[in-house]
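Working notes, structure below.
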């Protein structure tokens with residue numbers, strides 16, 4: 001799948017697939033990096049997601065057909081380059097306890113022990129497919145099939161920053177205090193978003209993440 | 001030069017043309033809801049287009065000038081008075097130290113912009129002075145303005161007397177109405193809806209719900225039906241995008257909207273018309289939608305933006 005469609009008059013949506021797939025997502029990040037590095041006049045920024053790349057542009061500078069031509073060239077170039085080695089970030093995590101309030105109910109729902117849930121969740125290396133929801137929130141996958149959980153029926157109104165959570169085949173970390181409908185299984189003291197810092201975000205789309213069990 | 005907030009009853013925030021470059025990390029653009037009125041206010045004060053101004057909505061506000069300054073006020077839904085005089089919007093005014101400027105909310109329209117010559121000087125957060133309330137960043141300590149806040153301005157481009165008494169003639173302004181026809185570019189998920197629903201959306205009247213805010217305007221009107229799936233895997237979205245969740249009631253994403261979303265988008269409101277929608281009064285304005293193309297939308301936006309530069313110097317002003 002390879003399509004460029006307008007999203008309004010100031011964004012172009014590149015569709016590379018329509019499902020959550022590691023290979024497709026890697027192509028999204030490769031294309032995003034290529035476009036960000038090429039600094040085409042009129043392109044403001046890109047937003048990589050699971051299977052799409054949204055390109056925001058200035059309609060005073062570029063028309064949709066012009067940006068489409070630019071993007072086609074970049075898509076052809078992206079096919080020939082291989083992804084750069086992703087960054088890997090370790091996240092010390094305290095499972096359960098005060099912030100991982102759903103760990104036990106998750107375990108009983110999945111017919112696993114708490115220790116097994118922790119082991120399975122922390123064993124795998126995850127990829128940040130995309131960021132969104134709140135500033136700095138990473139959508140990561142793919143979760144082991146044994147940990148697939150539905151979202152909460154009633155979302156919580158307040159989830160503290162740093163809370164590690166799972167939903168469906170994904171895992172994430174709440175980046176700021178916000179409402180949340182995912183199952184809360186742990187907490188990290190790492191700060192995901194610090195607006196005062198020179199590098200305000202701990203993560204970037206495409207990074208790899210490894211949870212480290214903290215006792 | 002500076003202004004002090006004397007009384008703030010509504011929602012007044014510092015906004016600029018938006019926070020760009022951070023959407024890939026999940027940071028909304030924020031910035032002015034009515035980008036046309038915002039640009040006009042900066043033009044009238046002869047500020048560069050990215051200077052910060054004050055967005056005023058939902059209630060009255062009063063400022064006092066702590067030094068002589070020039071302010072420009074634009075937008076819809078407010079009466080303006082400076083010192084002892086009432087003045088029209090879409091003009092710039094000289095204010096002597098100690099004078100007050102007051103904006104009183106009317107029943108029509110939603111927000112006004114007050115720019116000060118030299119722009120509001122406040123530290124940037126993630127390259128912008130815009131307030132993002134939910135994220136508590138930008139603007140005045142990440143929050144709305146309150147009585148006692150003092151806003152400092154930068155250096156005006158010219159002597160103050162040359163910047164006052166400038167106006168944008170009515171024919172150069174956006175055409176605001178209580179019952180606007182708003183142009184939409186269809187897609188990317190038009191196919192998720194039944195053809196009858198697309199026809200319904202284009203023919204029926206919608207109102208704005210009272211639960212609307214800077215994040216999104218919820219529309220109330222005929223329910224739209226999905227053909228099948230009511231969700232897709234999340235993808236990037238932008239202001240103006242019309243998401244339709246499973247209840248079939250459309251939500252138009254506004255400036256503080258999340259950067260990504262997973263509901264099908266039947267279309268996107270064009271940039272030139274988003275200000276008209278932003279100025280719609282909940283439960284009152286009646287909105288119709290109409291299909292257009294990206295090329296036509298961009299032409300309309302370019303024409304509107306250049307029209308905002310057609311400022312004239314007035315011969316006389318009340319003071």
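Chains as they are written, first to last, in the working numbering: chain U, 1 to 215; chain R, 1 to 319. All residues carry an ideal CB built from backbone N, CA and C; glycine is no exception.
Report task. Give the interface partners of residue 63(U) over in chain R, defined as CB-CB distance under 8 Å, in chain order. Result -> The residue you call residue 63(U) lines up with position 63 of the first chain. In chain order: 294, 295, 298.
Report task. Determine, using beta carbons only, whether residue 185(R) comes closer than 8 Å to chain U. Result -> In the second chain, counting from the first residue as 1, residue 185(R) sits at position 185. Answer yes: the Cβ-Cβ gap between residue 185(R) and chain U drops below 8 Å somewhere.
Query raised in the report: Which first and last residues belong to the alpha helix (DSSP H) in which residue 25(R) is found?
Result: As a working note, residue 25(R) is residue 25 in the second chain. Counting along the chain, residue 25(R) falls outside any alpha helix (DSSP H), and DSSP gives it neither H nor E.
Query raised in the report: Over what stretch of residues does the beta strand (DSSP E) that includes residue 288(R) continue unbroken?
Result: Along the second chain, one-based indexing puts residue 288(R) at 288. Here the beta strand (DSSP E) through residue 288(R) covers 288 to 291.
Report task. Could you run through the segment 130 to 153 of chain U and flag, in chain order, every residue whose CB is less than 8 Å away from some CB of chain R? Result -> 130, 131, 132, 133, 134, 135, 136, 137, 139
Query - Other residues of its chain near residue 67(U): CB distance less than 6 Å, five sequence neighbours each side excluded - result: The residue labelled residue 67(U) in the question sits at position 67 within the first chain. The residues are 12, 57.
Requested in this report: Within its chain, find whatever has a CB closer than 8 Å to the CB of residue 26(R); leave out the 5 residues flanking it on each side and keep chain order.
Outcome: Translated into the one-based positions of the second chain, residue 26(R) becomes position 26. If we look at residue 26(R) and ignore the five residues flanking it on each side, its Cβ neighbours are 258, 259, 260.
Query - In chain order, each alpha helix (DSSP H) run of at least 4 residues that lies wholly inside the segment 265 to 308 of chain R - result: 274 to 278, 294 to 307
Query raised in the report: How about residue 126(U) and residue 149(U): are their beta carbons less than 8 Å apart?
Result: Taking the first chain and counting its residues from 1, one reaches residue 126(U) at position 126. Taking the first chain and counting its residues from 1, one reaches residue 149(U) at position 149. Inclusion of residue 126(U) and residue 149(U) in the CB contact set at 8 Å is not warranted, their separation being larger than that value.
Query raised in the report: Going by the CB atoms, is the gap between residue 188(U) and residue 173(U) shorter than 8 Å?
Result: As a working note, residue 173(U) is residue 173 in the first chain. As a working note, residue 188(U) is residue 188 in the first chain. Their beta carbons are under 8 Å apart, which means residue 173(U) touches residue 188(U) by this criterion.
Report task. Report yes or no: is there a C-beta of chain R within less than 8 Å of the C-beta of residue 22(U)? Result -> Counting from 1 along the first chain, the entry for residue 22(U) is found at position 22. Interface criterion not met: the Cβ of residue 22(U) is under 8 Å from no Cβ in chain R.
Query raised in the report: Smallest Cα separation from residue 133(R): which of 291(R), 229(R), 255(R), 281(R)?
Result: Numbered from its first residue, the second chain carries residue 133(R) at position 133. For the options 291(R), 229(R), 255(R), 281(R), the alpha carbon positioned closest to that of residue 133(R) is the one of 255(R).
Query raised in the report: If you run the structure through DSSP and keep just helix, strand and coil, what is residue 133(U)?
Result: The sequence position of residue 133(U) within the first chain is 133, counting from 1. If DSSP states are grouped into helix, strand and coil, residue 133(U) belongs with coil.
Query raised in the report: By the criterion of Cβ-Cβ separation under 9 Å, what are the contact partners of residue 56(U) in chain R?
Result: Taking the first chain and counting its residues from 1, the one referred to as residue 56(U) is at position 56. Counting only Cβ-Cβ distances below 9 Å, residue 56(U) has contacts in chain R at 20, 23, 29, 236, 238, in chain order.
Query raised in the report: Does any C-beta atom of chain R lie closer than 8 Å to the C-beta of residue 201(U)?
Result: Position 201 of the first chain, counting from 1, holds the residue named residue 201(U). Output row for residue 201(U): interface = yes.
Query raised in the report: How is the beta strand (DSSP E) around residue 104(R) delimited, first residue to last?
Result: The count along the second chain starts at 1 and reaches residue 104(R) at position 104. 100 to 105 is the span of the beta strand (DSSP E), which, as asked, contains residue 104(R).
**Report entry** Span of the alpha helix (DSSP H) around residue 211(U)
**Finding:** Locating residue 211(U) in the first chain gives position 211, counting from the first residue. Element bounds for residue 211(U): not the alpha helix (DSSP H) but the beta strand (DSSP E), 208 to 213.
**Report entry** Local conformation of residue 321(R) per DSSP, three classes
**Finding:** Not covered by the structure: residue 321(R). The range shown for chain R is 1 to 319.
Requested in this report: For the alpha helix (DSSP H) holding residue 201(U), just list the boundary residues, first then last.
Outcome: Taking the first residue of the first chain as 1, we reach residue 201(U) at position 201. Per DSSP, residue 201(U) belongs to no alpha helix (DSSP H) and is neither H nor E.
Requested in this report: Using a cut-off of 9 Å between C-beta atoms, extract the partners of residue 14(R) located in chain U.
Outcome: One-based indexing of the second chain puts residue 14(R) at position 14. Here the premise fails: no neighbours, minimum Cβ distance about 15 Å.
Query raised in the report: Out of curiosity, what's the CA-to-CA distance linking residue 319(R) and residue 42(U)?
Result: What you label residue 319(R) is simply residue 319 of the second chain in a count that begins at 1. What you label residue 42(U) is simply residue 42 of the first chain in a count that begins at 1. The pLDDT assigned to residue 319(R) is 45, lower than 50, so where the model puts this residue is not dependable; a value taken from the coordinates is nonetheless given after this. In a straight line, the C-alpha of residue 319(R) is about 44 Å away from that of residue 42(U).
Requested in this report: Pull up the CB-CB distance for residue 65(R) and residue 163(R), whole angstroms please, since I reckon it's below 8 Å.
Outcome: If you number the second chain from 1, residue 65(R) lands on position 65. If you number the second chain from 1, residue 163(R) lands on position 163. About 14 Å separates the two Cβ atoms, so there is no contact after all.
Report task. Starting from residue 135(R), find everything on chain U with Cβ-Cβ shorter than 9 Å and list it in chain order. Result -> Counting from 1 along the second chain, the entry for residue 135(R) is found at position 135. Chain U residues near residue 135(R): 134, 135, 176, 193, 195.
Query raised in the report: What does residue 302(R) reach in chain U if we use C-beta pairs closer than 7 Å?
Result: Taking the second chain and counting its residues from 1, one reaches residue 302(R) at position 302. Those are 60, listed as they occur along chain U.
Query - Cβ neighbours of residue 26(U) in the same chain (closer than 6 Å, five flanking residues each side left out) - result: Taking the first residue of the first chain as position 1, residue 26(U) is located at position 26. Only 83 meet the Cβ criterion.
Report task. Determine the direct distance from the alpha carbon of residue 42(R) to that of residue 128(R), and round the result to whole angstroms. Result -> Against the second chain, residue 128(R) aligns to sequence position 128. Against the second chain, residue 42(R) aligns to sequence position 42. Using only the alpha carbons, I get a separation of about 16 Å.
**Report entry** CB contact check: residue 308(R) to chain U, cutoff 8 Å
**Finding:** Stepping through the second chain from its first residue, residue 308(R) is reached at position 308. No - not a single Cβ of chain U is within 8 Å of the one on residue 308(R).
Query raised in the report: If the cut is a Cβ gap below 8 Å, which residues of chain U does residue 233(R) touch?
Result: Your numbering for residue 233(R) matches position 233 in the second chain. By Cβ distance, chain U contributes 18, 19, 20, 49, 50, 51.
Query raised in the report: Does the Cβ-Cβ distance between residue 59(U) and residue 290(R) come in under 8 Å?
Result: Here the question's residue 59(U) lines up with position 59 in the first chain. Here the question's residue 290(R) lines up with position 290 in the second chain. It is not a contact, given that the beta carbons lie outside the stated cut-off.
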